[in-house]
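Inspection log for the structure reproduced underneath, given as structure tokens.
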Amino acid sequence: MADERAWLTGGRVYTQLADRLRERIVAGEYAAGGVLPSEAALCREFRIARNTVRRGLALLEEEGLIVTVPSKGRIVTAAAVPLSQAPYSYQRIADELREWIRSGELVVGAAVPSELALRHRYAASRNTVRQALAVLEREGLVVAEHGRGRFVMG
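Residue numbers (the numbering used here): 137 to 290.
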């Protein structure tokens, strides 16, 4: 895709990159659970600097559309995919907690179930549960209060 449409120019190029990638995700070109092209590949395709690519990808991560998985790359999240099809356990846990928050089952200010309770409910490791909670914290849905636990944000 090294055609003229791929070039990004002008101000705030990283937001243009995020827009283009978001369109591809929504269109299904990058399916949930799929890996985005590498930073280097995006640099070549759009003819932009790596730092610009990273800033654009950071926007998508803040929106919850992608997540960085060590040794795998940037994965499209399963937010629009049924829970049973989410590719990773932490994503299924995060998806269900997100749904509890959106449905009002967990209201603003309510305590999120403890790590131990979530480990038992999902038969998951502590790291898997913490990774799910970290996703929700990055999305601004949950806040951790040292010594008190995690709570739903307003």
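From the three backbone atoms N, C-alpha and C, an ideal C-beta is built for every residue, glycine too.
If you keep only unbroken alpha helix (DSSP H) runs of at least 4 residues inside the region 142 to 224, you get 149 to 163, 175 to 182, 186 to 198. A Cβ-Cβ separation of about 6 angstroms places Leu196 in contact with Ala154 under the 8 angstroms criterion. The C-alpha of Leu272 lies about 7 angstroms from the C-alpha of Ala230. Excluding residues up to 5 positions away in sequence, Phe287, Val288 lie with their Cβ nearer than 7 angstroms to the Cβ of Gly245 in the same chain.
The secondary-structure analysis by DSSP pairs Arg286 across a beta bridge with Ala280. DSSP, reduced to helix, strand and coil, places Ala260 outside both helices and strands of the structure shown, so it counts as coil.
Counting the other Cβ atoms within 10 Å of the Cβ of Val248 gives 16 or more, which makes it buried. In the displayed model, Ala247 falls within a strand according to three-state DSSP. Within its own chain, the residues whose Cβ lies closer than 8 angstroms to the Cβ of Tyr226, once the five positions on either side in sequence are excluded, are Ala260, Thr264, Val265, Gln267, Ala268, Val271, listed in chain order. The DSSP-derived three-state label of Leu242 is coil. Assigned with DSSP and collapsed to three states, Glu273 falls in helix. Counting of Cβ neighbours within 10 angstroms places Arg210 among the buried residues, the total reaching 16 or more.
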